[in-house]
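Okay, so here's the structure we're looking at.
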Amino acid sequence: MQRDILIVGCGIFGAAIAWALGLRGLGHRVLIVDRQTPASGATSRAAGLVTQVRPDPSLQALAGETLAAMDLLQTRFGEDVGRHRVGALHVGSQAQHEALAQMLRVCTAAGIRGQWQDKAQALAQSPWLNPDAFDIATFYPDECFVDPYLLSSAYLRGALQMGAKLRLDTRVAHITHQAGAVTGVALEDGTVLPAGIVVNAAGAWSNLLSAELGLPLPMAPVRSQYWITERAPDFSPGTPIVFLTDIRAYARPEVGALLFGIRESAPAVAAPRELPENLEGFVFDAADPHGWGNLAEAFEPLSHHFPAIERLGMAHYITGPSNYTPDGQPIVGASAAIAGLLVATGCNGSGITYSAGVGRLIAELIGGETPFVDASRLDPARALHIDPFSRAFLQACAHARATKSTG
Ligand SMILES: Cc1cc2nc3c(=O)[nH]c(=O)nc-3n(C[C@H](O)[C@H](O)[C@H](O)COP(=O)(O)OP(=O)(O)OC[C@H]3O[C@@H](n4cnc5c(N)ncnc54)[C@H](O)[C@@H]3O)c2cc1C
């Protein structure tokens, strides 16, 4: 008899894990629980970039799995995940030459299609760019963006079709264990749901369940944010994602407008207990709810690359918690101390991108298979000495976002 699997959290990680378990057909009963509605946490707030162009082979492989999953979801499950295969331009000054060349070498070696792009061609693709703001460009045609809600829902529907069950309005208060093995979860109303395997995929709230088990997760919820301009003719839907490598900003088309994000020098960070269960209307900084301070700080270099920003109004602002880790690696794996306890979180602003890879990795660990990526750096127990709620640690996670490169 296989042990029952209980997944805490029905964001994109929980849904992708249930989907990957269904595909493997290991024979476990799978239950996903969430206290809110599916994808109502960070997932529905994401900008939806799915980018494989990264220096780290394991992270490339996690992303590659998501690209493959989108194909499978479409062909086998008939799902439209709102995928826009627009490709990504990485533009920069001559000072970025070695960095762009190195990324191109690493990606080419990994089989990711990419090439140097002629400046005139880059401008033809992205007419909103200031020609004086960059000298060189690389282009990766397979990079894309998706509708994160649709992708997450597609995983979930697939998982439910393959036998998983979903239970909403279900608040997990504790993960329970006895004699070194998981026994299930205790709900806030006192009910106990037994399970031999529990996957903590509770997003920004994961540490509230893990830390009390002696497994502090090295991550904290840092403010992630982006703005969407008014519509303008230069932002046709087919224009690529653009990474402005000198200023570590990105942009992509969004129904006739431009969606863009920046790297703040001092991002706001919250302790998990400060986050409400329902993120609707949540802001990190009541004094600056729309991140104008951060945008003002980035405005001059941004307007140099993107001159139209000076005349365009901002139609939308989206913000939410993204779980950053000081080492930039996600947190995916099994606890060595408590049998049957697994964790999947710590996305570093890339959880949509890694989703199917994380699902596959967790399914492989549960099935006792050799992981398809080197998972040693993703180990949930890699920083057992930290206090994940201390101000100093929260600041270290905010710093990780501030210094993260684009992509
Ligand atoms: C503004 C913004 C832009 C982003 N842009 C991108 C992008 O372009 N590309 C990309 O790849 N990633 C992006 N991300 C990151 C991405 O959104 C996250 O990595 C991803 O959504 C994390 O998914 P998750 O399932 O771990 O968490 P969530 O979606 O937050 O799901 C966690 C779930 O757990 C539930 N839960 C928590 N505690 C409990 C409990 N005790 N009991 C029951 N249920 C519980 C919550 O209700 C929630 O539904 C962005 C994030 C933000 C905020």
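22 is the number of the first residue of the sequence shown in this note's numbering; add one for each residue after it.
Cβ coordinates follow ideal geometry from the N, Cα and C atoms, glycine included.
Bear in mind that the values here come from a model prediction, so they are computed numbers and not experimental data.
- Under the three-state reduction of DSSP output, Thr197 falls in the strand class.
- For ligand 1, no non-hydrogen atom lies closer than 8 Å to the CB of Ile249.
- Unbroken alpha helix (DSSP H) stretches of 4 residues or longer found wholly inside the segment 263 to 298: none.
- Between Pro409 and Leu238, the C-beta gap is smaller than 9 Å, which places the two residues in contact.
- The beta carbon of Arg104 sits no closer than 8 Å to any heavy atom of ligand 1.
- In the structure shown, the three-state DSSP call for Cys165 is strand.
- Trp40: member of the alpha helix (DSSP H) spanning 33 to 45, first to last residue.
- Annotation for Cys418 indicates a beta carbon at 8 Å or more from all heavy atoms of ligand 1.
- Under DSSP, Pro215 takes part in a beta bridge, and its partners are Gly205.
- Burial of Asp55 is indicated by the presence of at least 16 other C-beta atoms within 10 angstroms of its C-beta.
- For Val379, the three-state secondary structure derived from DSSP is helix.
- Counting only the Cα atoms, Ile196 lies some 22 Å from Ser61.
- Going by beta carbons, Ile283 and Phe166 fall outside the 9 Å limit.
- Assigned with DSSP and collapsed to three states, Phe414 falls in helix.
- The segment 295 to 367 is shown to contain whole beta strand (DSSP E) runs of 3 or more residues at 335 to 345, 352 to 355, 362 to 366, in chain order.
- Inter-segment contact for the segment 245 to 262 and the segment 349 to 366 is absent: fewer than three beta-carbon pairs are separated by less than 8 Å.
- Within a 10 Å sphere around the beta-carbon of Ala68 sit 16 or more other beta-carbons, which makes this residue buried.
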